[in-house]
Amino acid sequence: MLKDLCKKMFGRSLWVYHANSGGCNGCDIEVLNVLTPYYDAERFGIKLVGSPRHADVMLCQGPAMRSTAKALKRAYDAMPAPKLVFAIGSCACGGGMWHDSYSVIGPVEKLLPVNFYIPGCPPRPEAIIYGVAVALGLVEKKTAPVQFKQLEYPIPRYHPSDLHVQNDMVVYEKVEKV
Amino acid sequence: MSMLSKLKEAIVGLKAGRVTLSYPAQPQPVPTKFRGRPLFDAAKCIGCAGCANNCPAREILVIDICQEIRVLKYLGRRCAYCGRCADVCPEKAITMSQEFENATNNINDIEQKLDLFMSTCQRCGRCFKEPSPLEQLKLKGYRFDDLKNDRWIFRSQSHIGNEPEVDDVKIEMD
Numbered sequence: 001m002l003k004d005l006c007k008k009m010f011g012r013s014l015w016v017y018h019a020n021s022g023g024c025n026g027c028d029i030e031v032l033n034v035l036t037p038y039y040d041a042e043r044f045g046i047k048l049v050g051s052p053r054h055a056d057v058m059l060c061q062g063p064a065m066r067s068t069a070k071a072l073k074r075a076y077d078a079m080p081a082p083k084l085v086f087a088i089g090s091c092a093c094g095g096g097m098w099h100d101s102y103s104v105i106g107p108v109e110k111l112l113p114v115n116f117y118i119p120g121c122p123p124r125p126e127a128i129i130y131g132v133a134v135a136l137g138l139v140e141k142k143t144a145p146v147q148f149k150q151l152e153y154p155i156p157r158y159h160p161s162d163l164h165v166q167n168d169m170v171v172y173e174k175v176e177k178v
Numbered sequence: 001m002s003m004l005s006k007l008k009e010a011i012v013g014l015k016a017g018r019v020t021l022s023y024p025a026q027p028q029p030v031p032t033k034f035r036g037r038p039l040f041d042a043a044k045c046i047g048c049a050g051c052a053n054n055c056p057a058r059e060i061l062v063i064d065i066c067q068e069i070r071v072l073k074y075l076g077r078r079c080a081y082c083g084r085c086a087d088v089c090p091e092k093a094i095t096m097s098q099e100f101e102n103a104t105n106n107i108n109d110i111e112q113k114l115d116l117f118m119s120t121c122q123r124c125g126r127c128f129k130e131p132s133p134l135e136q137l138k139l140k141g142y143r144f145d146d147l148k149n150d151r152w153i154f155r156s157q158s159h160i161g162n163e164p165e166v167d168d169v170k171i172e173m174d
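Chains A and B supply the protein sequences, listed in that same order. Each residue of the first sequence is one higher than the one before, starting from 1 at the first, in the working numbering. Each residue of the second sequence is one higher than the one before, starting from 1 at the first, in the working numbering.
Take a look at the structure:
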């Protein structure tokens, strides 16, 4: 549904506004790298604008911090209605390495509804282009959650409530396989 | 003079040719020492939780759901790809892959969860303590990380609540 909306509303011109709410400038440099002729992002119609009022997409870098939360929220509110938020970098995706410190609220999604996540510290320019291409529907996303589950456990599980003393011996009443 | 310099500039521009990469259409190779997403091998992992104790972002969570099963969860969302987990792993169960195209619309797509079968001491019910450098890690007995809120808990006694203690952010927002 989001992809259809992207295709309908944005077509081939995403105007991005890049908001740093307290990151280390690593992701900023990578985003600016994307806009250079080497990784020419303007062939996708991406253009960097200076004001959130002109923007379709907000590129968030850095975690949501207590000092900049209000400003970030105001910048988001100033954007016109069909708007996307990209969280770029591990700070914006998950709060970064100092996610539990005093001045950091956490990931950007605690303040704004985030549509696309581009993890990496900092993400490569290719990774940012890939994220934009996923958002535009040019390529499929590659990631999927991985889960290893033990189907059968070789040792039975004992509960202390099932232990009973019988004739000076401890007897397990029922042996349960998990 | 300025005309000449402009001509020079034009010649440099013409000489350079086309430099733009056709990236999403064609794959772009990464440097050989590039560290991408860490991949966890459940067959090799012994569940020592060394990675969880050494992760600077505190995003590898370990919880013992019962006597024999230890759940190891890698969130991936705030991973800085520093490679410390792969460095400290005694069994080399963690490999830093070269995947960097992890862009997704659902943050839970990049997490990995392992169910590990742990053999425990028949007497005390704890995992075996090895006479190795891993002994110096702060792992003693059970771990009770908060999988529901994705929080890392240092000791089993300490509890980190869901809400932050200093909660004046809402006042700032309104």
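Where a beta carbon is used, it is the ideal one built from N, C-alpha and C, also for glycine.
Compare the C-beta of residue i with all C-beta atoms of chain B and state if any pair is closer than 8 Å.
i: residue 46 of chain A; result: no
i: residue 143 of chain A; result: yes
i: residue 37 of chain A; result: yes
i: residue 71 of chain A; result: no
i: residue 118 of chain A; result: yes
i: residue 164 of chain A; result: no
i: residue 20 of chain A; result: no
i: residue 99 of chain A; result: yes
i: residue 149 of chain A; result: yes
i: residue 133 of chain A; result: yes
i: residue 130 of chain A; result: yes
i: residue 75 of chain A; result: no
i: residue 177 of chain A; result: Residue confidence for residue 177 of chain A is low, a pLDDT of 46 falling below 50, so the modelled location carries little weight; the figure read from the coordinates is stated next. No - not a single Cβ of chain B is within 8 Å of the one on residue 177 of chain A.
Within the same chain, show all residues whose beta-carbon is closer than 6 Å to that of residue i, passing over the 5 residues directly before and after it, in chain order.
i: residue 34 of chain B; result: 98
i: residue 20 of chain A; result: 28, 61, 62
i: residue 42 of chain B; result: 114
i: residue 112 of chain B; result: 40, 74
i: residue 17 of chain A; result: 49, 52, 55, 58
i: residue 77 of chain B; result: 107
Am I right that residue i and residue j are in contact with their C-beta atoms under 8 Å? What's the rounded C-beta distance?
i: residue 150 of chain B; j: residue 75 of chain B; result: 6 Å
i: residue 38 of chain B; j: residue 95 of chain B; result: 7 Å
i: residue 122 of chain A; j: residue 89 of chain A; result: 6 Å
i: residue 111 of chain A; j: residue 72 of chain A; result: 6 Å
Checking the sheet assignment: what are the DSSP bridge partners for residue i?
i: residue 38 of chain B; result: B/96
i: residue 69 of chain B; result: B/117
i: residue 86 of chain A; result: A/59, A/116
i: residue 206 of chain A; result: This structure cannot settle anything about residue 206 of chain A, because the visible part of chain A is limited to 1 through 178.
i: residue 106 of chain A; result: A/64
i: residue 104 of chain B; result: A/117
i: residue 150 of chain A; result: None; residue 150 of chain A has no bridge partner.
i: residue 62 of chain B; result: B/72
i: residue 47 of chain A; result: A/15
So, is the C-beta of residue i closer than 8 Å to a C-beta in chain A?
i: residue 70 of chain B; result: no
i: residue 17 of chain B; result: no
i: residue 84 of chain B; result: no
i: residue 13 of chain B; result: no
i: residue 92 of chain B; result: no
i: residue 7 of chain B; result: no
i: residue 131 of chain B; result: Only weak support exists for where residue 131 of chain B lies, its pLDDT of 49 falling under 50; the coordinates are left without a value.
i: residue 114 of chain B; result: yes
i: residue 64 of chain B; result: no
i: residue 89 of chain B; result: no
i: residue 57 of chain B; result: yes
i: residue 21 of chain B; result: yes
i: residue 169 of chain B; result: Only weak support exists for where residue 169 of chain B lies, its pLDDT of 43 falling under 50; the value from the coordinates is given anyway. Closer than 8 Å: yes.
i: residue 95 of chain B; result: no
i: residue 47 of chain B; result: no
i: residue 32 of chain B; result: no
i: residue 172 of chain B; result: Here residue 172 of chain B scores only 42 on pLDDT, less than 50, and its place in the model should not be relied on; the value that follows carries that caveat. So, interface residue.
Does the beta-carbon distance from residue i to residue j come in below 8 Å?
i: residue 20 of chain B; j: residue 38 of chain A; result: yes
i: residue 114 of chain B; j: residue 148 of chain A; result: yes
i: residue 76 of chain A; j: residue 97 of chain A; result: no
i: residue 51 of chain B; j: residue 85 of chain B; result: yes
i: residue 44 of chain B; j: residue 92 of chain B; result: yes
i: residue 128 of chain A; j: residue 49 of chain A; result: no
i: residue 15 of chain A; j: residue 40 of chain A; result: no
i: residue 79 of chain A; j: residue 104 of chain A; result: no
i: residue 125 of chain A; j: residue 30 of chain A; result: yes
i: residue 80 of chain B; j: residue 56 of chain B; result: yes
i: residue 67 of chain A; j: residue 26 of chain A; result: no
Take residue i and list the residues in its own chain whose beta-carbon comes closer than 8 Å to its own, dropping the five residues that flank it on each side.
i: residue 133 of chain A; result: 44, 139
i: residue 99 of chain A; result: 63, 106, 107
i: residue 115 of chain A; result: 2, 84, 85, 86, 135
i: residue 30 of chain B; result: 36, 98, 100
i: residue 65 of chain B; result: 71
State yes or no: is the C-beta of residue i nearer than 7 Å to some heavy atom of the ligand SAH?
i: residue 108 of chain A; result: No copy of the ligand SAH appears in this structure; indeed no ligand is present at all.
Going along the chain, which residues of its own chain have a beta-carbon closer than 7 Å to the beta-carbon of residue i, five neighbours each way excluded?
i: residue 102 of chain B; result: 37, 110
i: residue 117 of chain A; result: 87, 93
i: residue 138 of chain B; result: Only weak support is given to the placement of residue 138 of chain B: the predicted model assigns it a pLDDT of 46, under 50, and the value that follows is read from those uncertain coordinates. Cβ within range, chain order: 53.
i: residue 95 of chain A; result: 63, 104, 106, 107
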